[in-house]
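> Below you'll find the structure I mean.
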Amino acid sequence: MFSLRSRVALVSGGGTGIGAALAQALAEAGARVVIAGRRLEPLQATAARINAAVADSGAEAKCFALACDVADLDAADSIVEQAAALAGGPPVLLLNNAGVNVRQPAAELTAEHWRQSLDLMLAAPAFLARACAPGMAAAGYGRTVALDAEDGLEAVFQCRIVTTASLQSALAFPNSLPYAAAKSGVLGLTRALAEAYSPAHGYEGITSNAIAPGFVQTELTASVFADEPRARQLAARTIAARNSTPADLAGAAVFLCSPASAYVNGQTLYVDGGFTALGHR
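Numbers 1336 to 1616, taken from the numbering used here, label the letters of the sequence shown in order.
Put into structure tokens, the structure is as follows:
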């Protein structure tokens, strides 16, 4: 039910932080994973670490590094083609995780920062999904297959689009106008992608969902966690009474990419320790 064997995944922003954790989780579940990002060195280091971990577990999955700029919208088709060449098949799991968080007062907002944020976190997921869709359709997913002939169990093999949202998809925080706009847009984009790549438009077996993390310690949030009183305050506002780690997102990603989530579509799953359940306090 949760196996990703024989599937190819493309994870943008997969070299560090949340993306690296998601990539490892998919590989451990059996997928061949291509991690994409602008910096080759961390991508290669992460791919090597994932391959070592997977080899130790005896799984046959593998991780590949692909240096590219997913914010270059005209390059989306080429990026997907390169990923397919590396992994030996078209990506049928697309995880849109690449992000940037420019923190500045509203009075200092620039057109460049606005475009950078929305191109990377809102436009790139849409264009990568468009580039992946033909390969997803050609892969034959969406067909009903037997899981257990004796018990008569069946499942629909599906393709997946999973996009990283944020607490700021639901709540406002200071000095984050472009980031908040992009991440709020992810919720609408997630629903729109679910409809766009549906049987009504000739696509079978493609679902689109989003994961909204809590406060996760990564490169993007380094400035927040450098302020220890602030980090403790955020943990205290969370029902789980702690901030998050990238590993907290792994199970949600595997679920949303697996046959277990066959009837989950157009949804945003908050994996935030209960932060949004309380809201701001």
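For glycine and all other residues, C-beta sits at the position ideal for the given N, C-alpha and C. The structure presented is a predicted model; accordingly, all values stated were derived computationally and were not measured.
(1) Out of Ala1364, Asn1600, Thr1351, Ala1535, point me to the one whose CA is closest to Ala1383's CA.
(2) Within 8 Å, do at least three Cβ pairs link the stretch 1591–1607 to the stretch 1554–1571?
(3) Kindly indicate which residue of Arg1495, Ala1545, Glu1447 has the alpha-carbon position closest to the one of Tyr1538.
(4) Taking Cβ positions, are Val1437 and Gln1451 nearer each other than 9 Å?
(5) To the nearest angstrom, how far is the alpha carbon of Ala1387 from that of Ala1507?
(6) Would Ser1504 pass as a contact of Lys1518 if the rule is Cβ separation under 9 Å?
(7) Below 8 Å, is the gap between the Cβ of Phe1560 and the nearest heavy atom of the ligand SAH?
(8) Residues in the same chain with beta-carbon distance under 6 Å from Ser1338, minus the five sequence neighbours each way, listed in chain order, please.
(9) Measuring alpha carbon to alpha carbon, tell me which of Lys1397, Glu1376, Gly1372, Ile1353 ends up nearest Val1343.
(10) Pick helix, strand or coil for Asn1544, following the three-state DSSP scheme.
(11) Are the Cβ atoms of Leu1430 and Val1497 separated by less than 9 Å?
(12) Here's the rule: buried if 16 or more other CB atoms are within 10 angstroms of the residue's CB, otherwise exposed. What is Gln1493?
(13) Taking the C-alpha atoms as reference points, what is the distance between Gly1349 and Ala1472?
(14) In terms of residues, what are the limits of the alpha helix (DSSP H) holding Ile1496?
(15) Assuming Phe1508 is part of the beta strand (DSSP E), what are its boundary residues?
(16) If you reduce the DSSP assignment to three classes, tell me which class Leu1591 lands in.
(17) In the DSSP assignment, find the beta strand (DSSP E) that holds Leu1604 and state where it starts and stops.
(18) Taking all protein chains shown into account, do 16 or more other C-beta atoms lie within 10 angstroms of the C-beta of Gln1359, making it buried, or fewer, making it exposed?
Quick answer:
(1) Here residue 1383 is taken as the residue at index 48 of the sequence shown, counted from 1. For the residues Ala1364, Asn1600, Thr1351, Ala1535, the minimum Cα distance to Ala1383 belongs to Thr1351.
(2) no
(3) The sequence position of residue 1538 within the sequence shown is 203, counting from 1. Comparing Cα positions, the closest option is Arg1495.
(4) The residue given as residue 1437 occupies position 102 in the sequence shown. The residue given as residue 1451 occupies position 116 in the sequence shown. Going by C-beta atoms, Val1437 is nearer than 9 Å to Gln1451.
(5) For the purposes of this step, residue 1387 is identified with residue 52 of the sequence shown, where counting begins at 1. For the purposes of this step, residue 1507 is identified with residue 172 of the sequence shown, where counting begins at 1. Distance between the alpha carbons of Ala1387 and Ala1507: 40 Å.
(6) Your numbering for residue 1504 matches position 169 in the sequence shown. Your numbering for residue 1518 matches position 183 in the sequence shown. Going by C-beta atoms, Ser1504 is nearer than 9 Å to Lys1518.
(7) What this structure holds is no ligand at all, so the ligand SAH is not there to describe.
(8) Along the sequence shown, read from residue 1 onward, the residue named residue 1338 stands at position 3. Gly1365, listed in sequence order.
(9) For the purposes of this step, residue 1343 is taken as the residue at position 8 of the sequence shown. Looking at the Cα atoms, Lys1397 is the closest of the given residues.
(10) Residue 1544 sits at position 209 when you count from the first residue of the sequence shown. Strand, per DSSP.
(11) As a working mapping, residue 1430 is identified with position 95 in the sequence shown. As a working mapping, residue 1497 is identified with position 162 in the sequence shown. Taking 9 Å as the Cβ cut-off, Leu1430 and Val1497 qualify as a contacting pair.
(12) The sequence position of residue 1493 within the sequence shown is 158, counting from 1. Buried.
(13) Position 14 of the sequence shown, counting from 1, holds the residue named residue 1349. Position 137 of the sequence shown, counting from 1, holds the residue named residue 1472. Cα to Cα, Gly1349 sits roughly 24 Å from Ala1472.
(14) In the sequence shown, counting from the first residue as 1, residue 1496 sits at position 161. It is not in any alpha helix (DSSP H) - Ile1496 instead sits in the beta strand (DSSP E) that spans 1494–1499.
(15) Numbered from 1 along the sequence shown, position 173 holds the residue referred to as residue 1508. Looking at the DSSP string, Phe1508 is not in any beta strand (DSSP E), and its letter there is neither H nor E.
(16) Position 256 of the sequence shown holds residue 1591. Helix.
(17) Residue 1604 sits at position 269 when you count from the first residue of the sequence shown. Where Leu1604 is concerned, the enclosing beta strand (DSSP E) stretches over 1603–1606.
(18) On the sequence shown, residue 1359 is found 24 positions in, with the first residue counted as 1. That one is buried.
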